[in-house]
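The sequence shown: position 4 = 4 (full-length UniProt numbering), numbered continuously.
Note that CB positions come from ideal geometry on N, CA and C, so glycine has one too.
All of these numbers come straight from a predicted model, not from anything done at the bench.
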Amino acid sequence: MLTEQRFERILERLKVKKSITVAEITEDLGISESTARRDITALDKAGKLTKVFGGAVAAEHTYEMKEPTVAQKVNVRKEEKIKIAQYAADMIGDNDFVYLDAGTSVGYMVEFLAKKRAAFVTNAVAHAQRLAAQGNRVLLIGGELKSSTEAVVGAQAIELLRKYHFTKGFFGTNGITKEEGFTTPDVGEAQVKQTAVQQCQKSYILADSTKFGNISAVTFAPFSGSVILTEETVDGYKENERLIVCR
Numbered sequence: 001m002l003t004e005q006r007f008e009r010i011l012e013r014l015k016v017k018k019s020i021t022v023a024e025i026t027e028d029l030g031i032s033e034s035t036a037r038r039d040i041t042a043l044d045k046a047g048k049l050t051k052v053f054g055g056a057v058a059a060e061h062t063y064e065m066k067e068p069t070v071a072q073k074v075n076v077r078k079e080e081k082i083k084i085a086q087y088a089a090d091m092i093g094d095n096d097f098v099y100l101d102a103g104t105s106v107g108y109m110v111e112f113l114a115k116k117r118a119a120f121v122t123n124a125v126a127h128a129q130r131l132a133a134q135g136n137r138v139l140l141i142g143g144e145l146k147s148s149t150e151a152v153v154g155a156q157a158i159e160l161l162r163k164y165h166f167t168k169g170f171f172g173t174n175g176i177t178k179e180e181g182f183t184t185p186d187v188g189e190a191q192v193k194q195t196a197v198q199q200c201q202k203s204y205i206l207a208d209s210t211k212f213g214n215i216s217a218v219t220f221a222p223f224s225g226s227v228i229l230t231e232e233t234v235d236g237y238k239e240n241e242r243l244i245v246c247r
């Protein structure tokens, strides 16, 4: 198992139970005690958790200020993202006018949209290509193409979005907290997301459970403004009436 995969597993466990011991890590990941301790130390230095005697506890919030590339994200939590994406796709009716945000979580929706007669608008080149290839009606907004996330951003994109009135919009996020809302590392992407959310009658955030408690640099929507689609309940958010667990 690669180092980044181990880190992901450790942080996933901390999302659920808030604390973890070295022994639990060694058993869960099949690694040595020394490797487990090194992983805890590395994650502590990165601010992802707090190192304690015999293990680690969850940091109050995890701060993510750099946007991973599509290649880095596409296989992370893939099974969970697909479950959420399928549920989200089922919410779309034939008469809907839908905005699809860039990103891997929303991208997994595309394969479930082939038979939908709705019209789609997106700022993701890859989403647009796949939608068109399977016969969907799709409009790709213009603007500056950001290479790392393959998203169209900039003033032109924002100007175009303000002309549309979507019945539904589906968005990814890097972080969710009640205080800071939905956040992303890049200002340009945040501005596009914010504008698109404002143009939607209903907006949905596709977020696997590891996104809760994370904070990125820029808020693009308040916590109370959108419905969250996730794969399992998360401590501290269970009573939220705008959260849907996708079964």
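Residues near residue i by beta carbon distance below 6 Å, same chain, minus five either side
{"i": "valine 85", "result": "Reading off the sequence shown, one finds alanine at residue 85, where the question assumed valine. So the qualifying residues of the chain are Tyr108, Met109."}
{"i": "threonine 21", "result": "Gly54, Gly55"}
{"i": "arginine 130", "result": "Val110"}
{"i": "serine 105", "result": "Lys81, Gly172, Leu206"}
Bounding residues of the alpha helix (DSSP H) (the contiguous stretch that carries residue i)
{"i": "serine 34", "result": "33-45"}
CA nearest to the CA of residue i, picked from the options
{"i": "glycine 54", "options": "Val76, Ser19, Thr230, Gly181", "result": "Ser19"}
{"i": "glutamine 134", "options": "Lys115, Leu243, Lys48, Leu145", "result": "Lys115"}
{"i": "alanine 155", "options": "Thr149, Val57, Ala190, Ala46", "result": "Ala190"}
{"i": "asparagine 214", "options": "Gln5, Lys78, Leu14", "result": "Leu14"}
{"i": "tyrosine 204", "options": "Thr50, Ile40, Asp28, Met91", "result": "Met91"}
{"i": "alanine 126", "options": "Arg117, Glu79, Val152", "result": "Val152"}
{"i": "lysine 146", "options": "Val192, Glu27, Phe182, Lys51", "result": "Val192"}
{"i": "alanine 196", "options": "Lys178, Gly30, Ile158, Ala207", "result": "Ile158"}
{"i": "isoleucine 82", "options": "Arg242, Thr184, Asp235, Glu231", "result": "Glu231"}
{"i": "lysine 178", "options": "Gln194, Val234, Ser148", "result": "Val234"}
{"i": "proline 185", "options": "Thr219, Asp28, Val245, Ser105", "result": "Thr219"}
{"i": "serine 209", "options": "Ser32, Arg162, Glu80, Ser148", "result": "Glu80"}
{"i": "methionine 1", "options": "Arg137, Leu29, Asn136", "result": "Leu29"}
{"i": "glycine 188", "options": "Glu4, Thr35, Ala217, Arg247", "result": "Ala217"}
{"i": "glycine 181", "options": "Ser34, Leu139, Ala132, Tyr237", "result": "Tyr237"}
{"i": "valine 76", "options": "Gln5, Ala46, Ile176", "result": "Gln5"}
{"i": "valine 138", "options": "Ser148, Asp96, Arg162", "result": "Asp96"}
{"i": "arginine 162", "options": "Gln194, Ala128, Ala207", "result": "Gln194"}
{"i": "phenylalanine 212", "options": "Ile176, Arg247, Leu243", "result": "Ile176"}
{"i": "isoleucine 94", "options": "Ser105, Thr3, Asn136, Ile31", "result": "The amino acid at residue 94 is misidentified as isoleucine; the sequence shows aspartate. Per the Cα distances, Asn136."}
{"i": "threonine 3", "options": "Arg37, Val16, Glu24, Lys17", "result": "Arg37"}
Same chain, Cβ closer than 7 Å to residue i, neighbours up to 5 away in sequence not counted
{"i": "phenylalanine 7", "result": "Asp39, Leu43"}
{"i": "phenylalanine 112", "result": "Ala85, Gln86, Ala89"}
{"i": "glutamate 150", "result": "Val70, Ala102, Ala124, Val125, Ala126"}
{"i": "glutamate 33", "result": "Val22, Thr26"}
{"i": "alanine 128", "result": "Thr122, Val138, Leu140"}
{"i": "valine 16", "result": "none"}
Closer than 9 Å to chain C by CB, residue i
{"i": "glutamate 232", "result": "Of the chains in the structure shown, none is chain C; there is only one protein chain."}
Residues near residue i by beta carbon distance below 8 Å, same chain, minus five either side
{"i": "asparagine 240", "result": "Ile228"}
{"i": "leucine 160", "result": "Ile141, Gly142, Gly143"}
{"i": "threonine 50", "result": "Asp44, Ala56, Val57, Ala58, Ala59"}
{"i": "valine 245", "result": "Thr230, Glu231, Glu232, Thr233"}
Start and end residues, beta strand (DSSP E) containing residue i
{"i": "glutamine 201", "result": "200-206"}
{"i": "arginine 137", "result": "137-140"}
{"i": "phenylalanine 182", "result": "181-184"}
{"i": "valine 16", "result": "Not the beta strand (DSSP E): valine 16 falls in the alpha helix (DSSP H), residues 3-17."}
{"i": "alanine 23", "result": "Unbroken run through alanine 23 is the alpha helix (DSSP H), 22-29; no beta strand (DSSP E)."}
{"i": "threonine 173", "result": "Per DSSP, threonine 173 belongs to no beta strand (DSSP E) and is neither H nor E."}
{"i": "asparagine 214", "result": "214-216"}
{"i": "lysine 51", "result": "49-52"}
{"i": "valine 57", "result": "55-58"}
{"i": "valine 245", "result": "243-245"}
{"i": "threonine 230", "result": "227-230"}
Check: residue i C-beta below 8 Å from any heavy atom of the ligand FMN
{"i": "glutamate 180", "result": "No copy of the ligand FMN occurs in the structure displayed, which carries no ligand at all."}
Does the pairing of the stretch 213-223 with the stretch 117-126 give three or more beta-carbon distances under 8 Å?
-> No: the two stretches stay apart, fewer than three of their Cβ pairs being nearer than 8 Å.
Pair every Cβ in the stretch 158-173 with every Cβ in the stretch 195-206, then say whether three or more of these pairs are closer than 8 Å.
-> Yes, the stretch 158-173 is in contact with the stretch 195-206.
At least three beta-carbon pairs within less than 8 Å, the stretch 94-108 to the stretch 168-184 = Taking 8 Å as the limit for Cβ pairs, the verdict is that the stretch 168-184 does touch the stretch 94-108.
Mind listing, in chain order, the continuous alpha helix (DSSP H) runs of no fewer than 4 residues lying wholly within the stretch 83-168?
-> If we require 4 residues or more, the alpha helix (DSSP H) runs fully inside the stretch 83-168 come out as 104-107, 125-133, 155-161.
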